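K.L.:
If you scroll down you'll find the structure; I have some questions about it.
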Amino acid sequence: MYEDLLPHTLPTEAERLDRMALAHDPDTFATIERLDLPRNAHCLDIGAGRGSVAIWLAETLPDAQVTASDLDVTSVRENSLSNLSLKEIDLQNDDLGSELYDLVHCRAVLCFLPIRTEVLSNILKSLKPGGAFVATEMDFRRIASGPSRFWATFWTAYLEFTASQGWDLEFGARLPGFLAKTGFAEIDARHIQPVLNHSGKTAGAAEAQTWSLTLATLAPQLIGGGFMTESMLSEALSIIRNSKAWTAGPGFMITSARRPVE
Ligand SMILES: C[S@@+](CC[C@H](N)C(=O)[O-])C[C@H]1O[C@@H](n2cnc3c(N)ncnc32)[C@H](O)[C@@H]1O
């Protein structure tokens, strides 16, 4: 389970989630801004982590009611926003309710769940008619096919490890189709492949730092489970941590969709 391998209690987890947010918030915010939410929108962030998206929503829309939810909400950054509340929600087991939200957001959550397509119906039901769902999920297809043989081999080994955990890091590629099958409308999707460069304060640097921390944290399982050797992992980390290289990293699919107005 995700929470066994990357629990919020790990000493480096808050920093890893902060780096992930720095890397992805600009694209997430741009996608949400295009949706033209009502000023008093009711919003739910699922698997909020440090809560960067929920906090931004509550700050940007002071009349909105925003809920940051996660299995463990203790990691949500401290804030004094009166329109932001916290709620423990397990997306796999909890009913999200009916016709409550103008926006449901989740990022890098569905791909880790053992049942990921079924939860889409739960999310659809929780939206008001016309309400929007924004999801960003990993889409590793391109990285596993190139550009260099080592890079492809390394990430293919990583994908074998993640598959052994029941994670699907190619789920982003299938997400638009699953949204359509579930009954969502106005489905928009764009593939983003961040370029890793471990220097400065750019989104690409934050992405490189995220992967550096993720792989270092998972090293015992990656090596101990026989998915890769220590030298293979070191070589990959030296590429990711190279401040003079710009290397295409794993991709993501950002999708937005709406519950149809019946
Ligand atoms: C990779 S982190 C992403 C955090 C945040 N969405 C972001 O992008 O910055 C995945 C998050 O999903 C949460 N999560 C994992 N399984 C979950 C579940 N079944 N229900 C709700 N949240 C879950 C984890 O606790 C973690 O905070």
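All residue numbers for the sequence shown refer to this note's numbering, where the first residue is 391 and numbers rise by one.
Every residue, glycine too, gets a C-beta built ideally from N, C-alpha and C.
In this text the structure is predicted, and so the values were computed from the model without any measurement.
By DSSP, does Q482 sit in helix, in strand, or in coil?
P.N.:
Three-state result, Q482: coil.
K.L.:
Could you name the residues whose beta carbon sits closer than 5 Å to any heavy atom belonging to ligand 1, keeping them in chain order?
P.N.:
Taking each Cβ in turn, the ones that pass are Y392, M410, A411, G437, G439, D460, L461, D480, L481, Q482, R497, A498, V499.
K.L.:
Scan the stretch 517-555 and note each continuous beta strand (DSSP E) run of 3 residues or more that stays entirely inside, going in chain order.
P.N.:
With a minimum length of 3 residues, the continuous beta strand (DSSP E) runs that stay inside the stretch 517-555 are 517-529.
K.L.:
Would you list, in sequence order, the uninterrupted beta strand (DSSP E) runs of no fewer than 3 residues that lie entirely inside the stretch 433-461?
P.N.:
Listed in chain order, they are 455-460.
K.L.:
Can you tell me whether L400 is buried or exposed, with buried defined as 16 or more other CB within 10 angstroms of its CB?
P.N.:
Exposed, by the Cβ-count rule.
K.L.:
Residues in its own chain within less than 8 Å of W636 by CB, not counting five upstream and five downstream?
P.N.:
Within the same chain, W636 has close Cβ partners V585, L586, N587, G594.
K.L.:
Measure the alpha-carbon distance for K518 versus G562 and round it to whole angstroms.
P.N.:
Approximately 24 Å between the Cα atoms of the pair.
K.L.:
What does the alpha-carbon distance come out to for the pair I457 and R539?
P.N.:
Reading off the sequence, residue 457 comes out as Thr, not Ile. Rounded to the nearest angstrom, the two C-alpha atoms are 44 Å apart.
K.L.:
Could you tell me whether the stretch 622-631 touches the stretch 495-515, using the rule of 3 or more Cβ pairs below 8 Å?
P.N.:
No, the stretch 622-631 is not in contact with the stretch 495-515.
K.L.:
In angstroms with no decimal places, state the Cα-to-Cα distance between L451 and R467.
P.N.:
The alpha-carbon atoms of L451 and R467 are separated by roughly 18 Å.
K.L.:
Please return the same chain residues whose Cβ sits closer than 7 Å to the Cβ of L427, not counting the five positions on each side in sequence.
P.N.:
So the qualifying residues of the chain are L451, D492, L493.
K.L.:
Take every Cβ of the stretch 401-412, pair it with every Cβ of the stretch 513-533, and state whether three or more of those distances are shorter than 8 Å.
P.N.:
Judged by Cβ distances under 8 Å, the stretch 401-412 makes no contact with the stretch 513-533, as fewer than three pairs qualify.
K.L.:
In the DSSP output, which residue or residues are listed as bridge partners for I644?
P.N.:
Answer by DSSP bridge pairing, in chain order: T526, R580.
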